[in-house]
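Read the structure below first, then the notes.
Numbering (my numbering), first residue to last: 378 to 602.
Okay, here's the thing in structure tokens:
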């Protein structure tokens with residue numbers, strides 16, 4: 378049985394990724410009179426705010442000064458935080474509340490490993506703060522996803538080796554990071570790129586402790602063959 382669960386936030390615990398992208402779309406309209414297509418959204422999932430902005434500027438083929446780059450980051454975050462005011466437990470994705478309760482019942486430690494600086498605020502609005510034993514601070518890790526730093530920090534905060542943990546993600550950047558640290562990767566979503574995960578689920582409602590525990594046990598045995 379694994380001892381820790383390292384959770385991404387957007388698209389795993391709550392679907393706030395659409396709020397992120399809406400804030401980026403507003404920014405693109407206000408500053409560049411441009412529309413961002415839905416295809417860009419996947420490229421901004423699971424990565425830092427700075428990396429997301431770089432993706433958008435590259436798509437728009439626009440260069441900005443360092444000061445403007447910083448201003449865009451601040452303004453985007455204000456738009457996003459404003460949209461979080463209405464967030465509540467009803468925004469938790471299907472099956473997550475039950476899944477977290479199962480984990481806690483089996484004494485699995487939980488850590489948040491999100492690129493979002495607003496993670497603590499979001500957990501509080503979702504009434505999930507007390508369920509988490511640790512929150513890795515993305516501002517204190519050298520590199521964002523797909524680098525493994527945030528997941529290393531999350532496992533360390535639980536005082537666990539990565540191999541004792543599962544990591545749950547909906548973005549390929551996150552799955553790449555989980556695989557790199559040697560944790561058991563659990564993917565949620567229909568993106569074909571997520572097939573690199575140790576165990577894929579189409580939706581959060583399919584997350585079941587027994588299914589994950591069985592696959593994790595087999596994975597552990599195979600590692601030592």
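Ideal Cβ positions, reconstructed from N, Cα and C, are used throughout, including at glycine.
Rounded to the nearest whole angstrom, the CA to CA distance from residue 433 to residue 442 is 15 Å.
Around residue 421, the same chain offers 429, 432 as residues with beta carbons nearer than 6 Å, after the five sequence neighbours per side are excluded.
Distance check between residue 526 and each of 548, 557, 419, 502 places 557 closest, using alpha-carbon atoms only. Just measuring C-alpha positions, the residue of 580, 486, 573, 501 sitting nearest residue 536 is 486.
Burial of residue 541 is indicated by the presence of at least 16 other C-beta atoms within 10 angstroms of its C-beta. A Cβ-Cβ distance of about 15 Å is found for the pair residue 563 and residue 550, leaving them out of contact under the 8 Å criterion. Note that the C-beta distance between residue 544 and residue 383 is below 9 Å. In the DSSP assignment, residue 543 falls within the beta strand (DSSP E) that extends over 542-546. Under the 8 Å Cβ criterion, the segment 463-471 does not count as touching the segment 397-414, having fewer than three qualifying pairs. Taking each of 392, 532, 476 in turn and checking the Cα distance to residue 587, the smallest one comes out for 476.
One thing to note: residue 592 has its Cβ within 9 Å of the Cβ of residue 576.
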